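What follows is a set of notes on a single structure, which appears directly below.
Protein chains in written order, with the working numbering: chain Z, 92 to 413; chain C, 30 to 375.
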């Protein structure tokens, strides 16, 4: 083998993405264009941002189920403050980002200090955020603030005639920053160490408490940012936005080759995991006869294949070690 | 006296009693049960009737949690089972044929058992973490349910099918008898045979139980199968209660409510111990809470906030780190050497 073992899952993900894109290009005319590729970023910007936050959580050996509700809460808070209270977006956007980060760090602190399973704490967080949406309003709040509509409609033309939205640029920037944080900073190393073995990380003198809380803070921040992007996308606040989104996010991370037990995986994998989900949706919409629920079934199948594939790989690795 | 409040049902029952007491003060006719046309009517009966699918799902979930697993796919199985039964009934010309109803119900139950086996195989044979293994079916299951219903809401006009979820036997809703039958059966099987002990030992330490001769794999598969079965029956109850199947919304959030009921009932998510009656009380608490919130006139969506605080409170109470933190607050006297000693002792 010329390849290092650790790169196999991510290469499979990238190959799968290329294969699916190629298949789409052969099957449907007009599929193979830069614009279709750009649309993957435009339509999945919020998924990409959330999935990046989730990757850190999963790399650290946890899970965050509250992301979908956090997005809904962000849209709701932004919509009600901008639309009903007449606040300026320049105040509202930092405020909701702060809210997300504080919410995440609260959950992280609970997980760390009270030793409650992340699954349950973030489940409660999910209920709480969704519930707060309804406390604000049960109905949709439409946003017609000039700033939001401008950002939503701005198209940045790229050389070659295709265009991209501001949201997509935000998402790409977050992805770039996340890759840097994960692989070139002390915090990133700590996250991998924590996911590999929490006890060893503690014995090595790594700041386990700080890392764990920061991971959930980052995820909360990312989902709030995704919520802001989602607000640009939908131009409304609604308590039922992004229902079941946490599962799409986890699926994207897993398809990206990150091990759910923590410690193994790449942010770049998540990036391609999101793109694969986008390609599935694009193919289904190009086909036109398949109904949208096929997306769920295909994603379920992909999840299954990838998880099984990871099991086989890790089983082989343990055999090799012996 | 100490044995009473040390009992695992003490706190759940207290919460339930407090909720009921609140209702009594808030609306005095909450407890009134009237007898009309051979049926009993009243809020309490409603709680039992509408709560029965949740109780069923939660009973199945209890056993899964006891093996330190979790089953996220129950909501999807609820939707699939209702969809299959309704589809096969709606296709027939005479929707009231008894054999047709029985066949449809049987089909739905067999399918949900198979889905349970699928989950069980992923967890036991493939060795995938339960959360993830059942996540697959949770995501894909909704798609499958919508595929079966064709994205529509299938309605059936069958009195016999409607009887399962909304008919009444001996003046009580029929669904209560279904729940009672399942509860009695599973209590007998787990507490009067060694199976319950096997489940608990697999939850404590799968490797050790395998060494002591327990077929951990079979225990796991049968537990997930049973959970699938319970979800399937719950799906039948739900869909027959409204005489329709909705692939999108049937059983939505059921997995979370069921887990909540299990946790409230005192079963630890770390596995190794389970309390079936506690789970039933937990499910009743959730249903009573929902009914109460409807009755007060608060928008029902606020239930989520209340549930969030209940989950947190219950988990905090179960967390030994939290209890220790509280206990050290209560203790007024600190000895300087104490910390040092405990560090070496533990």
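All residues carry an ideal CB built from backbone N, CA and C; glycine is no exception.
Given the structure is predicted, the values throughout are model-derived calculations rather than measurements.
Does the Cβ-Cβ distance between residue i and residue j come in under 8 Å?
i, j, result
"residue 307 of chain C", "residue 41 of chain C", "yes"
"residue 364 of chain Z", "residue 347 of chain Z", "yes"
"residue 320 of chain C", "residue 75 of chain C", "yes"
"residue 326 of chain C", "residue 94 of chain C", "no"
"residue 351 of chain C", "residue 205 of chain Z", "yes"
"residue 284 of chain Z", "residue 203 of chain Z", "no"
"residue 98 of chain C", "residue 146 of chain C", "no"
"residue 211 of chain Z", "residue 164 of chain C", "no"
"residue 287 of chain Z", "residue 354 of chain Z", "yes"
"residue 375 of chain Z", "residue 386 of chain Z", "yes"
"residue 229 of chain Z", "residue 327 of chain Z", "no"
Below 7 Å CB to CB, which residues in the same chain sit around residue i once its five sequence neighbours on both sides are set aside?
i, result
"residue 333 of chain Z", "159, 162, 163 and 321"
"residue 90 of chain C", "100, 103, 256, 287, 288 and 291"
"residue 125 of chain C", "187, 188 and 189"
"residue 399 of chain C", "Because chain C spans 30 through 375 in this model, residue 399 of chain C falls outside it and cannot be assessed."
"residue 125 of chain Z", "251 and 253"
"residue 255 of chain Z", "129, 132, 133, 247 and 249"
For a cutoff of 8 Å on Cβ pairs, would you count residue i as touching chain C?
i, result
"residue 280 of chain Z", "no"
"residue 398 of chain Z", "yes"
"residue 324 of chain Z", "no"
"residue 215 of chain Z", "yes"
"residue 301 of chain Z", "no"
"residue 221 of chain Z", "yes"
"residue 225 of chain Z", "yes"
"residue 277 of chain Z", "no"
"residue 329 of chain Z", "no"
"residue 391 of chain Z", "yes"
"residue 260 of chain Z", "no"
For residue i, which of helix, strand or coil comes out of DSSP?
i, result
"residue 416 of chain Z", "There is simply no residue 416 of chain Z to check, as chain Z begins at 92 and stops at 413 in what is shown."
"residue 98 of chain Z", "helix"
"residue 184 of chain C", "strand"
"residue 206 of chain Z", "coil"
"residue 296 of chain C", "coil"
"residue 198 of chain C", "strand"
"residue 100 of chain C", "coil"
"residue 58 of chain C", "helix"
"residue 279 of chain C", "coil"
"residue 89 of chain C", "helix"
"residue 154 of chain Z", "coil"
"residue 213 of chain Z", "helix"
"residue 327 of chain Z", "strand"
"residue 234 of chain Z", "coil"
Is there a Cβ from chain Z that is less than 8 Å from the Cβ of residue i?
i, result
"residue 164 of chain C", "yes"
"residue 375 of chain C", "Per-residue confidence for residue 375 of chain C stands at a pLDDT of 46, beneath the threshold of 50, marking its modelled position as unreliable; no derived number is given."
"residue 322 of chain C", "no"
"residue 227 of chain C", "no"
"residue 256 of chain C", "no"
"residue 214 of chain C", "no"
"residue 336 of chain C", "yes"
"residue 176 of chain C", "yes"
"residue 41 of chain C", "no"
"residue 95 of chain C", "no"
"residue 328 of chain C", "yes"
"residue 312 of chain C", "no"
Pick out whichever of the options has its Cα sitting closest to the Cα of residue i.
i, options, result
"residue 36 of chain C", "C:357, C:294 and C:314", "C:294"
"residue 87 of chain C", "C:311, C:111, C:72 and C:136", "C:311"
"residue 183 of chain C", "C:244, C:118 and C:274", "C:274"
"residue 262 of chain C", "C:162, C:46, C:324 and C:85", "C:85"
"residue 171 of chain C", "Z:373, Z:396 and Z:389", "Z:389"
"residue 149 of chain Z", "Z:303, Z:127 and Z:191", "Z:303"
"residue 45 of chain C", "C:64, C:62 and C:73", "C:73"
"residue 165 of chain Z", "Z:189, Z:400 and Z:151", "Z:189"
"residue 121 of chain Z", "Z:211, Z:378 and Z:314", "Z:378"
"residue 129 of chain Z", "Z:178, Z:249, Z:104 and Z:217", "Z:249"
"residue 139 of chain Z", "Z:387, Z:362 and Z:401", "Z:362"
"residue 369 of chain Z", "Z:109, Z:240 and Z:265", "Z:109"
"residue 177 of chain Z", "Z:263, Z:239 and Z:219", "Z:239"
"residue 234 of chain Z", "Z:115, Z:218, Z:175 and Z:403", "Z:175"
"residue 152 of chain Z", "Z:115, Z:186, Z:277 and Z:345", "Z:345"
"residue 83 of chain C", "C:127, C:115 and C:211", "C:211"
"residue 298 of chain Z", "Z:282, Z:309, Z:313 and Z:308", "Z:282"
Closer than 6 Å by C-beta to residue i: which residues in its own chain qualify, once you throw out the five before and the five after it? Chain order, please.
i, result
"residue 259 of chain Z", "132, 133 and 136"
"residue 283 of chain C", "86, 103, 104 and 107"
"residue 273 of chain Z", "279 and 358"
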